[in-house]
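Visitor: First, the structure itself, so that you have it in front of you.
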Amino acid sequence: MTDTDQTGRSLERAAENVSFRTRARTIDHLGRGQIADAPTAVSELWKNAWDAYATQVSLNIFDGDPAVAAVFDDGIGMSAQDFVEKWLVIGTESKIDGPPPAPPADFTGSARERQGEKGIGRLSAAFLAPATLVLSQQADGPISAVLVDWRLFENPFLSLDQITLPVRTFGKRGEVAVGLRAMATAILDNLGERSATGDLILSPDWQRYTAAEQAAGARSTAEAMIDFWSEMPISARHLEEWPVFADLASHGTALYLLGAHHELSVWLGSAPDDDEAKEVKQRLKDILTGFTDTLSAAPVVFDYEVLAYHGDVPRRILASSDVFDLSDFRELEHSVEGAFDEAGVFRGKIRAFGEDLGERIIPPPRSLPPARSDRPGPFAFAIGTFEQVAMASTHNAKRHQDLMELVDRYGGVRVYRDGLRVMPYGSADADFFSLEETRQKHAGRYFWAHRRSFGRLAFTRAGNPALKDKAGREGLVENRASRELRLLVQALLIKLARDYFGTDSPEREERIAETKKRNIKGRKAAEQARKRRRGEFRTYLADAIKRMPQLAERAKSISSRLKDVKQPASKDTVAMMRAEVELARAELAALTPLDVPNTLGDAESRYRTFRDELDEASDLILLSDQALREMEATVGASSPREVAAAARDRHEKALNELLSGFQGDIREGIKAITSNWTSNLEDDRTRYERATTPLLRKLSQDTDLNDLLGLLETVRRELEDEFNDRYRPIVRNIRTIIEGVDAEMALATIDEDREELDRRVRDLNAVAQLGITVEIIGHELEALDSEVSRNLEKLPDTAKKTLAFTRAMDAHRSLTEKLRFLSPLQLAGARLRETITGKAIVDYVRDFFGPVFTDGGIRLESTPAFDSIRFTELKSRIYPVFINLVNNAVYWVGRSEERVIRFDFVDGKIVVGDTGPGIDRDDVWRLFQLFYTRRSSGRGVGLYLSRVNLEAGRHAIRYATEEDPHILPGANFIIEMRGLEGGA
174 MTDTDQTGRS
184 LERAAENVSF
194 RTRARTIDHL
204 GRGQIADAPT
214 AVSELWKNAW
224 DAYATQVSLN
234 IFDGDPAVAA
244 VFDDGIGMSA
254 QDFVEKWLVI
264 GTESKIDGPP
274 PAPPADFTGS
284 ARERQGEKGI
294 GRLSAAFLAP
304 ATLVLSQQAD
314 GPISAVLVDW
324 RLFENPFLSL
334 DQITLPVRTF
344 GKRGEVAVGL
354 RAMATAILDN
364 LGERSATGDL
374 ILSPDWQRYT
384 AAEQAAGARS
394 TAEAMIDFWS
404 EMPISARHLE
414 EWPVFADLAS
424 HGTALYLLGA
434 HHELSVWLGS
444 APDDDEAKEV
454 KQRLKDILTG
464 FTDTLSAAPV
474 VFDYEVLAYH
484 GDVPRRILAS
494 SDVFDLSDFR
504 ELEHSVEGAF
514 DEAGVFRGKI
524 RAFGEDLGER
534 IIPPPRSLPP
544 ARSDRPGPFA
554 FAIGTFEQVA
564 MASTHNAKRH
574 QDLMELVDRY
584 GGVRVYRDGL
594 RVMPYGSADA
604 DFFSLEETRQ
614 KHAGRYFWAH
624 RRSFGRLAFT
634 RAGNPALKDK
644 AGREGLVENR
654 ASRELRLLVQ
664 ALLIKLARDY
674 FGTDSPEREE
684 RIAETKKRNI
694 KGRKAAEQAR
704 KRRRGEFRTY
714 LADAIKRMPQ
724 LAERAKSISS
734 RLKDVKQPAS
744 KDTVAMMRAE
754 VELARAELAA
764 LTPLDVPNTL
774 GDAESRYRTF
784 RDELDEASDL
794 ILLSDQALRE
804 MEATVGASSP
814 REVAAAARDR
824 HEKALNELLS
834 GFQGDIREGI
844 KAITSNWTSN
854 LEDDRTRYER
864 ATTPLLRKLS
874 QDTDLNDLLG
884 LLETVRRELE
894 DEFNDRYRPI
904 VRNIRTIIEG
914 VDAEMALATI
924 DEDREELDRR
934 VRDLNAVAQL
944 GITVEIIGHE
954 LEALDSEVSR
964 NLEKLPDTAK
974 KTLAFTRAMD
984 AHRSLTEKLR
994 FLSPLQLAGA
1004 RLRETITGKA
1014 IVDYVRDFFG
1024 PVFTDGGIRL
1034 ESTPAFDSIR
1044 FTELKSRIYP
1054 VFINLVNNAV
1064 YWVGRSEERV
1074 IRFDFVDGKI
1084 VVGDTGPGID
1094 RDDVWRLFQL
1104 FYTRRSSGRG
1114 VGLYLSRVNL
1124 EAGRHAIRYA
1134 TEEDPHILPG
1144 ANFIIEMRGL
1154 EGGA
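Pasting the structure below:
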């Protein structure tokens, strides 16, 4: 070929019209290559569920080999045609900006703005697993399915149109399992052709790719796929958790991730010291917690949760209910809540140091760009925090401790579009507003800390079209509009810190000092009140115990003498007995404690003995008074007015004597206060003169008058502060007395609450250790149980026929059943609910405690009304409640001659009663508290777990009150169940 021919051929090709050719790896780049991490990929799939008008979505992670995860939603679902025309089309036309699609007919909410922009969000599934199975059903339609193995798109030698994916429709549930096997075969057919023997012969493109992988020392993708599909990774266990498959919903989608990514599978088990696994878990919680905007006054309806399954039992990792909401936010001592308008002007309410400062209007530091595409539209903004040092905070100690825990879980300023979170803003490493960077310049001056604040920035797609997601969903595109938005917020926060919150604010130092002083004084006052109250109670108790025998003897004497009075009694006899009864009633009132501390320490046993004796005397006096009133009515039958007037005079005299006593005490108290403070005031009136006289004596022509006047002013201010600190509390207390408020009782109550909270903190620390122990032991026992069972079954038949084997097997089964008692420590999902009957509960309890009942001579009874009740709940939530109640009852009825435990259903309430000694009335209020027990060998955990278990299902348990039914003379517990039927 001549040079002229070559030149002509080159010119001819230069003028050729051609198009782009799409390689299969494009899908791999758009999927795995564009997603930052697993939580971000999950959020993309959840947003797809939002676009499908789902109101519930969940991520479910199943153990097994390979691990399987699934995203379930209750959206409108897809048909096979939708798979072909939409789901398998990248960048579909439905994602073009414009009016959102109308909501489905059965959707009760308003139309939703689409979250997807580019039509590639579904490809995030490629990041989460090598293969994806999507099952979907529209209302009352068939189940449609598509199966994708994303490894097909890794071959750089394939064009996109060379890969085919199976799409199927199943009319019946039973067809799915068989159909999936055929779909897997269709996936493998992409690798090549089948030989006459059924072996797979790779196509030239796959042979070429395999050779390249082997030359690089890697296992071939084709071999990995063939091994992966040799057994179907999805089973009935995974399918039946999908509500549609279980006939619990009529429409929705299940996206199964086959061979789940490491960032998901770590939730199925990792070493306690695996720092990488801890980081991965924290990242998922950081990203997916607060997925919807909970600081909005009208949050969107979109429930979400993440569950990890070990066998059939799920454990909740996070849920939409675990949030810091608007009511929590508005209780913060420092907060800003408002919105920016189109011009960048902020209007919002300011709260500083627990005080509402009203609305403020703050203009931007500079004008926004004129072009609509270069500036943000209107958006809402809120941020709040609290003083990190408890002593400087206006929050009480309990709330401050709660906030320290809440900010660790929910801290950060998150960004939301149309109610859903824009990832990853708000996470520990995604400080959109650079709060930490700014704060490093001067922590006190700039005040706001990213992980020590709660907040949100919320905008709409319609109002902010220039704010778009990056391709990899790792934030907003860095354009001028997003930068202007960030600068607006940063300028606002700097101004707010300078004016109200930071160290440069004019009031901060003074407010902090006042708060610290108030907290210190409050603690000292509470400590003094507690000591005085306890000392007074011990003094009272010692005196009351000494006087109690005299009152008891008087009460018995009066009761005995009234029985011996001959009828009809004379007026003199009745009058004499009335005097005796009134004297006894006065002594009873004097010995009755008005205020008993919650914690009595070593005095508790003595107090309870005294209290029981006091109750016995009180009952005798009450009965004597009733008998005496009958006599008075008989004696005064000829003149009822005279009898009534005498009784009235008697009561009035008793009350007047009581009031006279109080009047004397008040007068003495006021006299002492007046004398003390009058003396102090007179002394303080001369303090200024005494302090300034030496200064005036030294006054001469050489004295700098300005300095002297400054000193005089300083002395006045110092004394003024001292007098305010000394006398203002006295004035406040006097006003409190005038208003009838019992300040000491209020302080005592607060102090008791604090003591109770301190005790709970100690208890919860112990529970944390207990929980870790149970988690470790439970994991080990599960493995050991499986190993023992498997090896016992492997023993030869001759060994299985022996008595020793039978006893060993029975003991093992009994131990396994007892271990199920640990089930309340697991958080179960709603899809494991079953219909439970009263009869089933009785049978379960009887089997569980069979030998215990026999050995202890205890009779478990249930009434027909109880046997016939039925409700839907988790067995793992309900059965342990009855096990705990019966376990306690077994202990206490063992101390009674009659040993009966009974289940009944009365007036719509489940009642569990026994013939034991019952609960002391002073113990009822703390009966369900953690670690409270009266059993010598008890741990005080059972009733607490019972209450928590039932509350998780919005049921309730309590000790029977006087208004409740009592079915046996001992302890009676009331359980109120939601959705309970039967009991007739």
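Under my numbering, the first residue of the sequence shown carries the number 174, and numbering increases by one thereafter. Glycine included, C-beta positions come from ideal geometry on N, C-alpha and C.
(1) Between the Cα of L579 and the Cα atoms of Y598, E709, G1011 and D501, which residue gives the shortest distance?
(2) Classify N233 as helix, strand or coil using the three-state DSSP reduction.
(3) On a CA-only basis, which of F627, A555, T847 and L649 is nearest L665? Give me that one, please.
(4) Just the Cα atoms here: how many angstroms apart are A384 and L373?
(5) By how many angstroms is the C-alpha of V747 removed from the C-alpha of K739?
(6) So is A243 buried or exposed if we call it buried at 16+ other beta carbons inside 10 Å?
(7) Assuming Y482 and D236 form a contact by the criterion Cβ under 8 Å, report the distance between their Cβ atoms to the nearest whole angstrom.
(8) In the DSSP output, what is N1145 paired with across the bridge?
(9) Helix or strand or just coil, what does DSSP make of T847?
(10) Who are the Cβ neighbours of G636 in its own chain at under 7 Å, not counting the five residues just before and after it?
(11) Tell me the start and end of each unbroken alpha helix (DSSP H) in the region 707-782 that is at least 4 residues and wholly inside, in chain order.
(12) Check whether the Cβ atoms of G1046 and I1009 sit closer than 8 Å, and answer yes or no.
(13) By DSSP, does A1001 sit in helix, in strand, or in coil?
(14) Quick one: using the 10 Å Cβ neighbour count with 16 as the cut-off for buried, is D838 buried or exposed?
(15) Using C-beta distances below 7 Å, list every residue in its chain close to L735, excluding the 5 sequence neighbours before and after it, in chain order.
(16) May I have the straight-line CA-CA distance separating A318 from A350, to the nearest angstrom?
(17) Are there three or more Cβ pairs, one per stretch, closer than 8 Å when the region 212-227 is compared with the region 591-605?
(18) Give me the Cα-Cα distance between F513 and A209, rounded to the nearest whole angstrom.
(19) Rounded to whole angstroms, what's the CA-CA distance from L338 to A299? Just pull it up for me.
(20) Using a Cβ-Cβ cutoff of less than 7 Å, which residues in the same chain neighbour L761 once the five nearest sequence positions on both sides are dropped?
(21) Straight-line CA distance for P406 to S376?
(22) What number of angstroms, rounded off, separates the C-alpha of W621 from the C-alpha of S540?
(23) Label W158 either buried or exposed according to how many other C-beta atoms from any shown protein chain fall within 10 Å of its C-beta, with 16 as the threshold for buried.
(24) Could you tell me whether the Cβ atoms of F256 and V340 are closer together than 8 Å?
(25) Would you kindly check if the distance between the Cβ of G1091 and the Cβ of A1144 is under 8 Å?
(26) Taking the Cβ atom as the reference point for each residue, do L461 and V473 lie within a distance shorter than 8 Å?
(27) Measure the alpha-carbon distance for V1025 versus D1087 and round it to whole angstroms.
(28) Under three-state DSSP, which class holds A631?
(29) Can you tell me where the alpha helix (DSSP H) holding E515 begins and where it ends?
(30) Return the first residue and the last residue of the alpha helix (DSSP H) that V262 is part of.
(31) So does the region 274-287 actually touch the region 385-399, counting three or more Cβ pairs closer than 8 Å?
(32) If you follow the alpha helix (DSSP H) that R612 is part of, which residue opens it and which one closes it?
(33) Hey, how far is the Cα of N853 from the Cα of N897?
(34) To the nearest angstrom, how far is the alpha carbon of P536 from that of G517?
(35) Taking C-beta to C-beta, are D677 and R618 nearer than 8 Å?
(36) Tell me, which residues are paired with K522 by DSSP?
Guide: From the atom records:
(1) Within the sequence shown, residue 579 is the residue found at index 406, counting from 1. Of the listed residues, the one whose Cα sits closest to L579 is D501.
(2) What you label residue 233 is simply residue 60 of the sequence shown in a count that begins at 1. It is a strand residue.
(3) The residue you call residue 665 lines up with position 492 of the sequence shown. Checking every option, the nearest Cα to that of L665 belongs to A555.
(4) Start at 1 with the first residue of the sequence shown, and residue 384 comes out as number 211. Start at 1 with the first residue of the sequence shown, and residue 373 comes out as number 200. Their Cα atoms are separated by approximately 16 Å.
(5) As a position in the sequence shown, residue 739 is number 566, starting the count at 1. As a position in the sequence shown, residue 747 is number 574, starting the count at 1. Looking at the two C-alpha atoms, the distance is approximately 11 Å.
(6) By one-based count along the sequence shown, residue 243 stands at place 70. Buried is the call here.
(7) In the sequence shown, residue 482 corresponds to position 309, counting from 1. In the sequence shown, residue 236 corresponds to position 63, counting from 1. Y482 to D236, Cβ: 6 Å. Contact.
(8) For this step, residue 1145 is matched to residue 972 along the sequence shown. DSSP output for N1145 lists G1086 as bridge partner(s).
(9) The residue labelled residue 847 in the question sits at position 674 within the sequence shown. It is helical.
(10) Position 463 of the sequence shown, counting from 1, holds the residue named residue 636. Around G636: G550 and P551.
(11) Segments of the alpha helix (DSSP H) lying fully in the region 707-782: 744-764.
(12) Your numbering for residue 1046 matches position 873 in the sequence shown. Your numbering for residue 1009 matches position 836 in the sequence shown. One detail in the question is off: residue 1046 reads as Glu in this sequence, not Gly. Cβ distance < 8 Å, so E1046 and I1009 count as in contact.
(13) Position 828 of the sequence shown, counting from 1, holds the residue named residue 1001. Note on A1001: pLDDT 32, under 50, position unreliable in the model; the coordinate value appears next. Three-state DSSP puts A1001 in coil, outside helix and strand.
(14) Here residue 838 refers to the residue found at position 665 of the sequence shown. Answer is exposed; the Cβ neighbour count stays below 16.
(15) Translated into the one-based positions of the sequence shown, residue 735 becomes position 562. Within the same chain, M750, S797, A800 and L801 come within 7 Å of L735 by CB-CB distance, once the 5 residues on both sides are set aside.
(16) Working through the sequence shown from its first residue, we reach residue 318 at position 145. Working through the sequence shown from its first residue, we reach residue 350 at position 177. Going by the C-alpha atoms only, they are around 11 Å apart.
(17) yes
(18) Here residue 513 is taken as the residue at index 340 of the sequence shown, counted from 1. Here residue 209 is taken as the residue at index 36 of the sequence shown, counted from 1. Rounded to whole angstroms, the gap between the alpha carbons of F513 and A209 is 31 Å.
(19) Here residue 338 refers to the residue found at position 165 when the sequence shown is read from its first residue. Here residue 299 refers to the residue found at position 126 when the sequence shown is read from its first residue. Spanning the two alpha carbons is a distance of roughly 15 Å.
(20) Mapped onto the sequence shown, residue 761 falls at position 588. Excluding residues within five positions, the ones whose Cβ falls inside 7 Å are L724, A790, S791 and I794.
(21) Translated into the one-based positions of the sequence shown, residue 406 becomes position 233. Translated into the one-based positions of the sequence shown, residue 376 becomes position 203. Whole-angstrom Cα-Cα distance: 25 Å.
(22) Here the question's residue 621 lines up with position 448 in the sequence shown. Here the question's residue 540 lines up with position 367 in the sequence shown. Whole-angstrom Cα-Cα distance: 25 Å.
(23) As displayed, the chain neither begins before 174 nor continues past 1157, which places residue 158 out of reach and without an answer.
(24) Here the question's residue 256 lines up with position 83 in the sequence shown. Here the question's residue 340 lines up with position 167 in the sequence shown. Contact: yes.
(25) For the purposes of this step, residue 1144 is taken as residue 971 along the sequence shown, with counting starting at 1. For the purposes of this step, residue 1091 is taken as residue 918 along the sequence shown, with counting starting at 1. In this structure, G1091 lies closer than 8 Å to A1144 by Cβ.
(26) Within the sequence shown, numbered from 1, the residue matching residue 461 stands at position 288. Within the sequence shown, numbered from 1, the residue matching residue 473 stands at position 300. Against a cut-off of 8 Å, the Cβ pair of V473 and L461 comes out as no contact.
(27) Numbered from its first residue, the sequence shown carries residue 1025 at position 852. Numbered from its first residue, the sequence shown carries residue 1087 at position 914. Spanning the two alpha carbons is a distance of roughly 16 Å.
(28) Here the question's residue 631 lines up with position 458 in the sequence shown. Here A631 sits in strand by DSSP.
(29) Locating residue 515 in the sequence shown gives position 342, where the first residue counts as 1. No alpha helix (DSSP H) holds E515; DSSP gives it neither H nor E.
(30) To locate residue 262, count along the sequence shown from 1; it is residue 89. Note, V262: premise wrong, no alpha helix (DSSP H); not H, not E.
(31) no
(32) Position 439 of the sequence shown holds residue 612. Segment L608 to R612, the alpha helix (DSSP H) holding R612.
(33) Position 680 of the sequence shown holds residue 853. Position 724 of the sequence shown holds residue 897. Taking the straight line from one Cα to the other gives about 14 Å.
(34) Numbered from 1 along the sequence shown, position 363 holds the residue referred to as residue 536. Numbered from 1 along the sequence shown, position 344 holds the residue referred to as residue 517. About 7 Å.
(35) Counted from its first residue, the sequence shown places residue 677 at position 504. Counted from its first residue, the sequence shown places residue 618 at position 445. Taking 8 Å as the Cβ cut-off, D677 and R618 qualify as a contacting pair.
(36) The sequence position of residue 522 within the sequence shown is 349, counting from 1. Paired residue(s): E510 and E532.
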